[in-house]
Every structure is written in C-alpha cells, then in structure tokens.
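Read through the structure below, which is laid out as structure tokens, and then see the notes.
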Amino acid sequence: MSSRRITAFAAALASLLLTAAGLAAEKLPKLPKDSTLPKAARSPGAVVFKHTTHVMPKAPDCTLCHPKMWPIRPGAKKPEIKHRAMEQGEYCGACHKQEKTAIGLDDCDKCHQSE
C-alpha cells in the first residue's frame, strides 16, 4: 500500500472518529464543572469529582445521585465524606463498593490526588 493511500485512510479514519465523538458529546446534558470535595483530616489528598467520568452517555440520569446522595442547590454545603460510610455503601460507595464500576474503594490514588 502506498504512503499516499495510508495517509488518505488515516485522515478518513480520524475524521470518522472525530465525527462520532462529536455526536456522542451532543447527546450528553450540559454537565457541571469538576468539583473538589471537602478533604477530611486524615485523607491522603483531595478528591476532584468529574461528572464526565461518572455520567453514562447513553443514559444520563442525574437522579441516581441527586439529591439523595449529593445536594444540587447552588451554594449547598457538600457533605463531609468518611471512608467508613463509603464502605457501608454511602456516597461514592453506593457504586464503587458494589463492584458496579471499574474502580473499587481500595486503590486510593485513583481518586485522591497527592499534595
């Protein structure tokens, strides 16, 4: 295969992927900005919550977490999250403890950012 054909194929593939990504992004509701959660005294580092990694593009459903687990009113106080509560299935543990996600509660660096 000539280099010209390879280049044309790569350009066509890149265009297709960018178009597909754009269409997928259009389907998501406008998501809130990243949010830094309050850091507990013994926490290994701050946790930045990203809606983009938690909302399922094919079936976005804010009511899975709001307002039951997390307040959504502007200026609402964020709950102080204790690891013990997560281990009992509260807050992040509602999904991450129950193996519903790729990340469990035992790998600190996946969520906590070192300071």
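So the number in our numbering is just where the residue sits in the sequence shown, counting from 1, plus 28. All C-beta atoms in this analysis are idealised placements derived from N, C-alpha and C, irrespective of residue type, glycine included.
ask   = In terms of alpha-carbon separation, which member of 78, 122, 141, 104 lies closest to residue 92?
value = Of the residues 78, 122, 141, 104, the one whose Cα lies closest to the Cα of residue 92 is 122.
request  = For residue 79, I'd like the list of residues in its chain whose CB is within less than 6 Å of its CB, leaving aside the five on either flank, ordered along the chain.
outcome  = Close CB contacts of residue 79 within its chain, under the 6 Å cut and outside five residues either way in sequence, are with 59, 60 (chain order).
key: Residues near residue 74 in its chain [Cβ-Cβ closer than 6 Å; skip 5 each side]   = Only 64, 67, 141 meet the Cβ criterion.
key: residue 119 beta carbon less than 8 Å from that of residue 97   = A Cβ-Cβ contact shorter than 8 Å links residue 97 with residue 119.
task = Would you decide whether residue 124 is buried or exposed? Buried here means 16 or more other CB atoms lie within 10 Å of its CB.
result = Counting other Cβ atoms within 10 Å of its Cβ, residue 124 reaches 16 or more and is therefore classed as buried.
task = List the DSSP bridge partners of residue 63.
result = DSSP output for residue 63 lists 77 as bridge partner(s).
message = Helix, strand or coil for residue 82? Go by DSSP, reduced to three states.
response = Residue state, collapsed to three classes: coil.
Buried or exposed (CB count within 10 angstroms, at least 16 for buried), residue 100 = Here residue 100 is exposed, its C-beta having fewer than 16 other C-beta atoms within 10 Å.
inquiry  = Going by DSSP, what residue range makes up the alpha helix (DSSP H) through residue 111?
reply    = 111 to 115 is the span of the alpha helix (DSSP H), which, as asked, contains residue 111.
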